[in-house]
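Chemist: The structure follows.
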Amino acid sequence: MENIITLLLLILLQAVLGFDNLLYISLESKRAPEADQKRVRLIGISIAIILRIVLLFVLVSVIKYFQEPLGNLHIGEFFHMNPNAHSLIVLFGGVFIIYTAIKEIWHMLGDHDLSDAEGGKASTGKVIMMIVIMNVIFSFDSILSAMALTDVFWVMASAIVVSGVLMIWLSGHVSEFLKKNRMYEVLGLFILFVVGIMLLTEGGHLAHIDIMGEEITPMSKTTFYFVIFILVVVDIVQGQYQKKLLKGK
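Numbered per our numbering, the sequence shown spans residues 418 to 666.
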């Protein structure tokens, strides 16, 4: 019974921590040809589930090696860091997500024919590869959180599989919603940008990055969800106000 309760808690935890990953998958899959987008999400997340279980097994066995410092880096009094493997992976994920968000926003502003932006900007294989890679990067926090709650391997593995199946189902709904309501793509991309900032602050904290005497502190999940809430409210209010202005004209 204790393991079952822990399993339910882990599934809930995976769902909460997986929101940013879900959004990335939904937006990234739109870059594939439209006919392949559903298959891309299914294959990408399925491979990622298998790799998550492998990563879980690896982390259980060699977690101390991921946390060991790799060495100090000093640039005068302006910059200092003492990274480990975990921090570098998180930092890479943050940089890549910010780059992806900015690139897509730039493409959206420069694309005069919006009908051409429906899909097909990348090959199916490339999109699947990116979904798998980013899914593994996102999985570090959820796996480490799971390891803090239990040391029973089958409980952690089951939570990963169940949350992966839920992600496959939800990603289709999110992608369909964005397809029908394309104006929310901008909101989604800015949320993705905030996700990148959150990963950068977390990675910077894990790497003990110090810039001009100020150490980077991680953005808390509470702050993250509050920022997302404000972005959504602003988007809704702006949309309603725009409709009111159009009616007035």
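Beta carbons: idealized from backbone N, C-alpha and C, even for Gly.
Owing to the predicted nature of the structure, the values given are computational and were not obtained by experimental measurement.
I'd like the list of long-range same chain contacts for Gly511, defined as Cβ closer than 6 angstroms, with 5 residues on each side in sequence excluded.
Modeler: Gly613, Leu616, Leu617, Gly620
Chemist: Whose C-beta lies closer than 8 angstroms to the C-beta of Asn552 among residues of the same chain, with five residues either side of it excluded?
Modeler: Asn438, Ile442, Gly461, Ile462, Ala465, Leu468, Arg469
Chemist: DSSP has Asp652 in a bridge; who is on the other side?
Modeler: According to DSSP, Asp652 bridges with nothing at all.
Chemist: Where are the beta strand (DSSP E) runs, 3 residues long or more, that stay fully inside the region 543-602, in chain order?
Modeler: none
Chemist: Return the first residue and the last residue of the beta strand (DSSP E) that Phe496 is part of.
Modeler: That run of the beta strand (DSSP E) goes 496-498.
Chemist: Please report how far the alpha carbon of Leu663 lies from the alpha carbon of Asp652, in whole angstroms.
Modeler: 16 angstroms
Chemist: Taking its Cβ as the centre, do 16 or more other Cβ atoms sit within 10 Å of His503, making it buried, or is it exposed?
Modeler: buried
Chemist: Could you give the C-beta distance for Leu623 and Ile560, rounded to a whole number, given that I count them as a contact under 8 angstroms?
Modeler: No, Leu623 and Ile560 are not in contact; Cβ-Cβ is about 15 angstroms, not under 8 angstroms.
Chemist: Check each candidate in Val475, Val477, Leu490, Leu426 and name the one with the smallest Cα separation from Ile626.
Modeler: Leu490
Chemist: Considering only C-alpha positions, which residue in the set Met498, Leu427, Ala518 is nearest to Gly605?
Modeler: Ala518
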